[in-house]
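Going by the numbering used here, the residue at position 22 of the sequence shown is 21; the numbering climbs one at a time, nothing skipped. Note that CB positions come from ideal geometry on N, CA and C, so glycine has one too. As the structure is a computational prediction, the values presented were derived from the model and not from experiment.
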Amino acid sequence: MASLGDMPRRAPRGLAVFDFDCTLTRFHVWGKFRNAPLKDVLVDKNTFVDVEAFRDFVSRARGAGLEVAIATFGRRDVVDKALTVALGDDHGIAISTPADHFDPRF
0 MASLGDMPRR
10 APRGLAVFDF
20 DCTLTRFHVW
30 GKFRNAPLKD
40 VLVDKNTFVD
50 VEAFRDFVSR
60 ARGAGLEVAI
70 ATFGRRDVVD
80 KALTVALGDD
90 HGIAISTPAD
100 HFDPRF
């Protein structure tokens, strides 16, 4: 029997991308914790507008073969911390920030 690592990975049927600040969260997290050390960034389930609805959406989307991702102008480490609170350490959600995309103007 082949291991999962040996099996070809199927392409997702689609992609659902969420903005982070003030879409998934109740407040502008980047604005509040812009330069704070990660340990000082306070994130809990109440940071989210509706953490249970987000968990349910992620589960259903994945069940339907969709990938879920976050696009943010904020900090990857902060978004990752919040996703870990919402979904656990192995949340598997891609986080896209401006640092991921080359801009020749800068």
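Which one of the options has the shortest CA to CA distance from residue i?
i, options, result
"V57", "A35, D102, D20, L86", "L86"
"F26", "V48, D39, I69, A60", "V48"
"L37", "I92, D79, D99, R61", "D79"
"D76", "A93, R61, E66", "A93"
"V16", "E66, N34, A35", "E66"
Would a C-beta distance cut-off of 8 Å place residue i and residue j closer than the cut-off?
i, j, result
"F108", "T71", "A question about residue 108 goes unanswered here, because the residues of the chain that appear run from 0 up to 105."
"V40", "F53", "no"
List the whole-angstrom C-beta distance separating residue i from residue j, where the pair is believed to meet the contact cut-off of C-beta under 8 Å.
i, j, result
"A68", "L14", "6 Å"
Helix, strand or coil: how does DSSP classify residue i here?
i, result
"G13", "strand"
"F47", "strand"
"L41", "coil"
"D99", "helix"
"T22", "coil"
"A60", "helix"
"A93", "strand"
Hey, how far is the Cα of residue i from the Cα of residue j?
i, j, result
"T96", "V28", "14 Å"
"A81", "F101", "25 Å"
"G64", "R12", "5 Å"
"C21", "G30", "10 Å"
Report yes or no: is there a C-beta of chain B within less than 8 Å of the C-beta of residue i?
i, result
"F26", "Chain labels in this structure do not include chain B; a single protein chain is all it has."
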